[in-house]
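Undergrad:
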Amino acid sequence: MPNGKPGDHPYTDIVFGKADIYSPIAAALVREIATLADDKTRRALADLLYEKFNPYDRPDVPALERRLTALRDDLRKDALAGGLKWTRNETVLVRCRMQKPALIQSGPALL
Numbered sequence: 053m054p055n056g057k058p059g060d061h062p063y064t065d066i067v068f069g070k071a072d073i074y075s076p077i078a079a080a081l082v083r084e085i086a087t088l089a090d091d092k093t094r095r096a097l098a099d100l101l102y103e104k105f106n107p108y109d110r111p112d113v114p115a116l117e118r119r120l121t122a123l124r125d126d127l128r129k130d131a132l133a134g135g136l137k138w139t140r141n142e143t144v145l146v147r148c149r150m151q152k153p154a155l156i157q158s159g160p161a162l163l
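Be aware that the sequence shown starts at 53, since it is given in this note's numbering, and climbs by one per residue.
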């Protein structure tokens, strides 16, 4: 039974505990997806991490990174189409509303 401590769930360990469970790249992708995604997508990601890529079952990290990259790219595309842009504040990705959609540019890559 989960007790809120590190090791309970890979999603919460990465997003809230700032742990790099699978790899630094996978952790950065999960954190970025958490900022871009809605609740339904975040829950689906948490389920995916726990069920298909459980850290105790020797997960295929390169396959996970590919899936996370594809999901992140789709979310970025949707966000850009919806009028969002990215700015960097130290190492934190921040979403902000744009005033002129014509100025939309691609966000910086984390990788």
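Just so you know, even glycine gets a beta-carbon here, dropped at the ideal spot from N, CA and C.
Bear in mind the structure is a predicted one, so any value in this text is a computation, not a measurement.
On the DSSP letters alone, give me the boundaries of the alpha helix (DSSP H) that Ile73 sits inside.
TA: Within the sequence shown, residue 73 is the residue found at index 21, counting from 1. DSSP places Ile73 in no alpha helix (DSSP H); its state is neither H nor E.
Undergrad: Can you tell me the Cα-Cα spacing of Ile73 and Ala79, whole angstroms?
TA: One-based indexing of the sequence shown puts residue 73 at position 21. One-based indexing of the sequence shown puts residue 79 at position 27. Cα to Cα, Ile73 sits roughly 7 Å from Ala79.
Undergrad: With the cut-off set at 7 Å, would you say Ala89 and Leu116 are in Cβ contact?
TA: As a position in the sequence shown, residue 89 is number 37, starting the count at 1. As a position in the sequence shown, residue 116 is number 64, starting the count at 1. Cβ distance not < 7 Å, so Ala89 and Leu116 don't count as in contact.
Undergrad: By Cβ distance below 6 Å, which residues in the same chain neighbour Pro58 in space, the five residues on each side in sequence not counted?
TA: As a working note, residue 58 is residue 6 in the sequence shown. Hits under 6 Å: Asp65, Gly69.
Undergrad: Give the single residue among Lys129, Leu97, Tyr108, Glu103 whose Cα lies nearest to the Cα of Leu120.
TA: By 1-based counting over the sequence shown, the position of residue 120 is 68. Of the residues Lys129, Leu97, Tyr108, Glu103, the one whose Cα lies closest to the Cα of Leu120 is Leu97.
Undergrad: By DSSP, does Lys129 sit in helix, in strand, or in coil?
TA: The residue you call residue 129 lines up with position 77 of the sequence shown. Three-state result, Lys129: helix.
Undergrad: Quick one: what does DSSP say Lys57 is sitting in, helix, strand or coil?
TA: Against the sequence shown, residue 57 aligns to sequence position 5. Looking at Lys57 - three-state DSSP - the assignment turns out to be coil, as it is neither helix nor strand.
Undergrad: By the DSSP assignment, the alpha helix (DSSP H) with Ala98 in it spans what residues?
TA: Here the question's residue 98 lines up with position 46 in the sequence shown. Run containing Ala98: 91-103, per the alpha helix (DSSP H) assignment.
Undergrad: Just how far apart, CA to CA, sit Tyr102 and Tyr108?
TA: Taking the first residue of the sequence shown as 1, we reach residue 102 at position 50. Taking the first residue of the sequence shown as 1, we reach residue 108 at position 56. Near 10 Å, if we compare the C-alpha coordinates of Tyr108 and Tyr102.
Undergrad: For Gly159, does the three-state DSSP call read helix, strand or coil?
TA: Here residue 159 refers to the residue found at position 107 of the sequence shown. Only weak support exists for where Gly159 lies, its pLDDT of 45 falling under 50; the coordinates are left without a value.
Undergrad: DSSP state of Asp112, grouped into three classes?
TA: Taking the first residue of the sequence shown as position 1, residue 112 is located at position 60. Three-state DSSP puts Asp112 in coil, outside helix and strand.
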